[in-house]
Structure formats: structure tokens, C-alpha cells
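Numbering (the UniProt record's numbering), first residue to last: 1 to 355.
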């Protein structure tokens with residue numbers, strides 16, 4: 001090995017609203033000596049793929065703004081869930097050639113865990129016994145953060161109720177979390193009527209393929225009217241908040257359940273899109289709302305079983321995967337932007353290098 005150019009995506013400027021590639025983020029190249037870069041007891045990772053997720057917008061903020069997730073320091077490499085292989089190791093838990101997932105820098109090669117300013121509560125690294133025949137990229141989505149979030153929260157918060165329920169509604173249902181929830185819910189209770197909403201004709205086709213009984217293009221159809229026709233809703237899996245949550249609240253069954261997974265309407269509109277006007281329906285209908293953050297609380301208890309159970313479902317074709325690929329770190333800014341504008345079809349994944 002030798003000194004080479006190491007592609008890196010830097011967090012350059014706090015966005016005021018949407019992420020702007022080339023402004024919010026910048027691609028640079030720096031020299032790295034793969035043989036001699038100090039590891040300080042850690043490992044050197046060769047990055048294969050990185051995930052682009054809506055929650056990243058929350059991390060792109062001034063440090064003075066408190067929030068549930070840590071900030072990305074200005075001038076530092078972005079980091080997020082990703083996969084790679086170990087090149088060098090001073091950590092006895094890893095050896096060269098190990099396939100790992102974890103919180104990885106947006107760099108072609110990076111030292112983990114890195115300097116103190118890059119270390120935070122989300123930072124982790126895990127060796128994975130990769131299933132033969134599955135691409136590395138699937139571990140950024142269906143078998144990554146999206147799948148883990150969907151599986152753990154549905155299994156713990158909604159599965160038992162789903163066994164006695166008639167109607168499930170999933171917003172943002174064409175995304176990687178939404179598709180996993182729809183397919184896993186169908187496995188848990190084949191008799192559920194599943195309603196899915198999305199924002200384009202292409203995404204509606206995805207919903208039909210994964211088994212939604214009723215589909216809603218929320219940009220062209222009246223969500224509340226369709227929910228009224230096909231409800232009442234026993235379980236609402238909320239990936240969006242805002243107007244869709246308002247429509248769901250008006251059409252929930254008594255003693256219904258809302259699983260609050262995300263609020264892309266807020267992340268995409270600087271907070272204004274998450275305004276809810278029908279909250280009184282919560283007490284009027286005795287609705288239970290369960291929010292969760294990945295890796296915390298009760299849902300985290302089932303994560304140790306995730307790879308065994310979810311991988312089996314993927315190999316059996318019961319849980320499916322689709323990807324919207326971005327080639328190389330030069331396209332990372334675009335990958336981060338499209339998940340907020342809704343232009344991605346499938347899991348947005350940055351393919352840093354082909355295997």
C-alpha cells in the first residue's frame with residue numbers, strides 16, 4: 001500500500017432549509033498513508049457503501065440547538081450508517097478482511113473511532129457474518145438502519161396489537177422503513193388490510209408490488225377521504241407527521257395505536273411541515289402514541305435477533321429490497337438532498353466502491 005488520495009465529504013455550512021450539494025456539503029481529497037496512518041487502538045476501514053437518511057437533516061444544525069441526535073461539527077467529515085471492510089486493526093475485536101457495519105465517515109478510508117470531536121453516542125462498529133449472495137449495500141437499508149428500525153419497533157410496539165387489528169396505515173410507505181413494515185406486518189397478520197401512502201406514480205407501483213391493499217398518492221388524492229372510506233385505522237405507522245398525521249387522527253379507531261417513527265415533513269420544511277391540528281382526537285378516541293428512536297428503549301431489546309430473523313425473510317423473498325444508488329462520494333450531497341425532496345425511489349445508498 002502507499003500514500004493515496006482519500007475522497008472525503010465535509011460538512012461545510014448549516015442549511016437554512018434544504019440541503020444544497022456543494023454548499024452544505026463539499027467533496028475534497030486528502031492524502032492518506034494506508035500503511036502508517038495512526039490507528040490509536042482502533043481500525044482502518046475501507047468504505048463500501050453509506051446510507052442517506054432523512055434524520056441526517058436534524059444533525060445538520062448549529063450546536064446551540066438542542067435535539068435528540070448529535071450534531072455534525074462544521075469542517076469535519078459527515079458520518080452515518082454504512083458498511084466496509086477492515087484494512088488494518090489494533091482492536092482485538094476486528095481483523096483485516098472483516099465485514100463491518102456501523103457509523104462510518106463519508107470517506108473512502110477512515111480511522112474508527114476517530115478523534116474526540118467525531119465520537120458521539122451513535123458511533124459504533126459491529127462485525128457482521130454476511131449472508132452469501134447478498135450485496136453489501138443491502139446492509140445499509142433492508143438489513144441496516146431502516147430494517148432494524150422497522151423490525152424492532154413493529155415487533156415490540158405493534159405486533160401484538162396487529163394480531164387483533166383489521167386496518168394498518170403506513171405513510172412514507174415506499175421508503176425502506178415503510179416497505180419493511182408493510183411486508184413484515186403482512187407476515188405477522190395475513191388478514192390485515194394495509195393502506196400505504198407515497199408521493200409519486202412510481203412509488204405507488206412499489207406499494208402495489210409489496211402488497212398494499214389500498215394506495216394513496218398524497219400529492220394527487222385526498223388522503224382523509226380515502227382513509228375514511230377504508231378505515232377506521234387500528235394502527236398508523238407514521239413516517240411523515242404533518243398533514244398525513246392530521247388525516248389519520250380523524251380516521252383512527254377507538255383505542256387505536258400510532259407508532260411515531262419519523263417526521264419527514266418537518267425535516268424537509270424546517271419544522272413548519274409538522275404542524276398538527278387534530279390532536280384532540282387523541283383523547284377523544286383514546287389513541288395511544290408510541291414514539292421511538294432507533295437503539296433506545298424497549299424496541300432495542302429485540303435487535304440481537306434481527307440479523308438471524310430478517311436475513312432469513314430476505315433470502316425467502318418475504319422481505320424485499322430496492323435501491324436508489326448514487327455512485328461515489330462525489331454524489332453524496334445529492335443523495336442527502338433527494339431523501340428530503342422525495343425524489344428517491346427505493347433506499348438512497350451511496351456506493352463508495354463496487355465490490
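Virtual Cβ for every residue (Gly too), placed ideally from N, Cα, C.
Bear in mind the structure is a predicted one, so any value in this text is a computation, not a measurement.
{"Item": "Which complete alpha helix (DSSP H) runs does the UniProt domain \"Oxidoreductase N-terminal\" (38-114) hold, if anything under 4 residues is left out?", "Value": "56-59"}
{"Item": "Does the beta-carbon distance from residue 339 to residue 68 come in below 7 Å?", "Value": "no"}
{"Item": "Ordered along the chain, which non-local residues of its own chain (more than five positions away) have a Cβ less than 6 Å from that of residue 245?", "Value": "238 and 276"}
{"Item": "For residue 50, count the other beta carbons within 10 Å of its own beta carbon; 16 or more makes it buried, fewer makes it exposed. Which is it?", "Value": "buried"}
{"Item": "Determine the extent of the alpha helix (DSSP H) in which residue 247 is found, giving its start and end residues.", "Value": "242-249"}
{"Item": "Taking residue 216 as the reference, which of 199, 335 and 232 has the closest Cα?", "Value": "199"}
{"Item": "Could you check whether residue 179 and residue 226 sit closer than 7 Å to each other, using their CB atoms as the reference points?", "Value": "no"}
{"Item": "Under 8 Å Cβ to Cβ from residue 11, same chain only, skipping five residues before and after it: list those, please.", "Value": "24, 25, 60, 72, 73, 74, 75, 76, 77 and 78"}
{"Item": "Pull up the distance between the alpha-carbon of residue 150 and that of residue 251, whole angstroms please.", "Value": "23 Å"}
{"Item": "Considering only residues of the region 249-315, which uninterrupted beta strand (DSSP E) runs meet the minimum length of 3 residues and lie entirely inside it, listed in chain order?", "Value": "252-260 and 288-291"}
{"Item": "If you reduce the DSSP assignment to three classes, tell me which class residue 147 lands in.", "Value": "helix"}
{"Item": "For residue 190, which residues does DSSP report across the bridge?", "Value": "BP columns for residue 190 are empty, so no partner."}
{"Item": "Identify which residue in 301, 343 and 63 has its Cα closest to the Cα of residue 117.", "Value": "63"}
{"Item": "What three-state label does DSSP hand residue 8 in the structure shown?", "Value": "strand"}
{"Item": "Note down the Cα distance separating residue 189 from residue 175, rounded to an integer number of angstroms.", "Value": "21 Å"}
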